[in-house]
Amino acid sequence: MARLIILARHGSVRQVNLAGPITTIGRSHSNNVCIDSDRVSRHHAAIQWTGEHYILTDMGSRNGTYVNRERVRAHELTNGDVILVGDCQLRFLCNRRVEVPVDALRLMPAADDFLQLVPSR
129 MARLIILARH
139 GSVRQVNLAG
149 PITTIGRSHS
159 NNVCIDSDRV
169 SRHHAAIQWT
179 GEHYILTDMG
189 SRNGTYVNRE
199 RVRAHELTNG
209 DVILVGDCQL
219 RFLCNRRVEV
229 PVDALRLMPA
239 ADDFLQLVPS
249 R
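Heads up: the sequence shown begins at 129 in this note's numbering, then just goes up one per residue.
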């Protein structure tokens, strides 16, 4: 699951899991991630899960959205990316490992000639 580590300008740190298909970021309390700063637009940016990738999109914010110090309109996020929204820094973390429930695993029969053992010396 992907998450954001949010470092506000006054030094507070919090973590938000990206659980839904779209996570909105902005100053308004209607956003999934609310950032209390006058440098952040009410509806600043959004992160969307496409089924394969997380895409960050600037929602027409006044001060722009930056990833790794470059201003972006839309950007495919990768693990460790640093997002700047107003004066707030967000680090994107994503463990892309696929987890399979144990009850979904089953052993497959192997052919007799699949493995050839060689005596050790």
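Virtual Cβ for every residue (Gly too), placed ideally from N, Cα, C.
Since we're looking at a predicted model, the values are computed, not measured.
Inter-residue Cα distance where the pair is residue i and residue j
i, j, result
"H157", "M187", "16 Å"
"L205", "V195", "8 Å"
"G192", "D215", "11 Å"
"E252", "R167", "There is no way to answer for residue 252, as the model of the chain reaches only from 129 to 249."
"R201", "T178", "17 Å"
"F220", "V144", "10 Å"
Bounding residues of the beta strand (DSSP E) (the contiguous stretch that carries residue i)
i, result
"V141", "V141 to N145"
"E198", "E198 to V200"
"V168", "Neither: V168 is in no beta strand (DSSP E) and is coded neither H nor E."
"I133", "A130 to L135"
"D186", "Y182 to D186"
"G179", "G179 -> no beta strand (DSSP E), and no H or E assigned at all."
Neighbour-count burial assignment, residue i, 16 or more Cβ in a 10 Å radius
i, result
"A147", "exposed"
"A173", "buried"
"I150", "exposed"
"R197", "exposed"
"H138", "exposed"
"S169", "buried"
Beta carbon of residue i nearer than 8 Å to that of residue j
i, j, result
"M129", "N223", "yes"
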